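Student:
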Amino acid sequence: MEDFRINGDMIISKALSDTDFDKHGRLQLPNSQIQLVLTKMKDETKKGLKKGIKLEVLDITKNNSYFVTLKSRNSSRDYYLETGWKNMRKSLGLKEGDNIKLYWDYLNYKFIILNFQYSLIP
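Going by UniProt numbering, 85 is the number at position 85 of the sequence shown; the sequence numbering is gapless.
1. Taking the CB atoms as reference points, tell me whether Ile12 and Leu27 lie closer together than 7 Å.
2. So what does Ile60 bridge to, in DSSP terms?
3. Can you give the Cα-Cα distance for Asp9 and Asp105, rounded to whole angstroms?
4. For the beta strand (DSSP E) that contains Ile121, what are its first and last residues?
5. Note down the Cα distance separating Asn115 from Thr69, rounded to an integer number of angstroms.
6. Using DSSP bridges, identify the partner residues of Phe111.
7. Indicate whether Glu96 and Leu16 have their beta-carbon atoms separated by less than 7 Å.
8. Quick one: is Arg89 buried, meaning 16 or more other Cβ sit within 10 Å of its Cβ, or exposed?
9. Taking all protein chains shown into account, decide if Leu102 is buried (16 or more other Cβ within 10 angstroms of its Cβ) or exposed.
10. Who are the near neighbours of Lys71 in its chain, counting only those whose CB is closer than 6 Å to its CB and skipping five residues on each side?
11. By alpha-carbon positions, which one of Asn87, Phe4, Leu120 ends up nearest to Thr61?
12. When DSSP labels each residue in this structure, what does Thr19 get in the three-state scheme?
Written as structure tokens, this is what we have:
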């Protein structure tokens with residue numbers, strides 16, 4: 001991981017809010033950031049996103065994988081990580097106000113938690 005270089009357009013960064021910890025058990029993703037990531041997802045359709053897409057989220061530092069469902073909500077353009085989010089946030093010890101950064105590794109079709117040193121590709 002010494003020289004982990006990534007494309008900054010594939011990073012989803014968010015300060016966790018109270019809605020990310022409510023009874024619905026989902027993480028709302030920033031729309032402008034997820035739209036860029038969706039361009040690199042292998043032919044995912046709006047219909048598929050409404051049903052939900054199961055994805056891996058990798059924590060390289062602890063060699064742990066979490067499985068979440070990426071979903072869009074009805075006619076809105078909101079996207080969420082659902083099934084699996086609650087377990088992931090508890091395991092990582094996340095709380096309201098913490099920042100989370102997820103990198104879409106489109107070559108391996110998974111998110112990587114950016115909790116280590118990395119540099120952006122110019």
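Cβ atoms here follow ideal geometry from the backbone N, Cα and C, with glycine treated the same way.
These numbers were taken from a predicted model, which means no experiment stands behind them.
Tutor: So, from the data block:
1. Along the sequence shown, one-based indexing puts residue 12 at 12. Along the sequence shown, one-based indexing puts residue 27 at 27. For Ile12 and Leu27, no; Cβs fall outside 7 Å.
2. As a working mapping, residue 60 is identified with position 60 in the sequence shown. Checking the DSSP bridge columns, you'll see Ile60 has no partner listed.
3. Here residue 9 is taken as the residue at index 9 of the sequence shown, counted from 1. Here residue 105 is taken as the residue at index 105 of the sequence shown, counted from 1. Distance from the CA of Asp9 to the CA of Asp105, rounded to the nearest whole angstrom, comes to 11 Å.
4. The residue labelled residue 121 in the question sits at position 121 within the sequence shown. Ile121 -> no beta strand (DSSP E), and no H or E assigned at all.
5. Translated into positions along the sequence shown, residue 115 becomes position 115. Translated into positions along the sequence shown, residue 69 becomes position 69. When rounded, the distance between both Cα atoms is 21 Å.
6. Looking up residue 111 in the sequence shown gives position 111. Assignment of beta-bridge partners to Phe111 by DSSP yields Val57, Trp104.
7. Numbered from its first residue, the sequence shown carries residue 96 at position 96. Numbered from its first residue, the sequence shown carries residue 16 at position 16. Result yes, Cβ atoms of Glu96 and Leu16 sit closer than 7 Å.
8. By one-based count along the sequence shown, residue 89 stands at place 89. With 16 or more other Cβ atoms within 10 Å, it is buried.
9. The residue you call residue 102 lines up with position 102 of the sequence shown. Around the CB of Leu102, 16 or more other CB atoms lie within 10 Å, so the residue is classed as buried.
10. In the sequence shown, residue 71 corresponds to position 71, counting from 1. Only residues of its own chain outside the window of five on either side were considered, and among them Gly52, Tyr80, Glu82 have a CB closer than 6 Å to the CB of Lys71, listed in chain order.
11. By 1-based counting over the sequence shown, the position of residue 61 is 61. Residue Phe4 is the option with its Cα nearest to Thr61.
12. On the sequence shown, residue 19 is found 19 positions in, with the first residue counted as 1. Thr19: helix per DSSP, three-state reduction.
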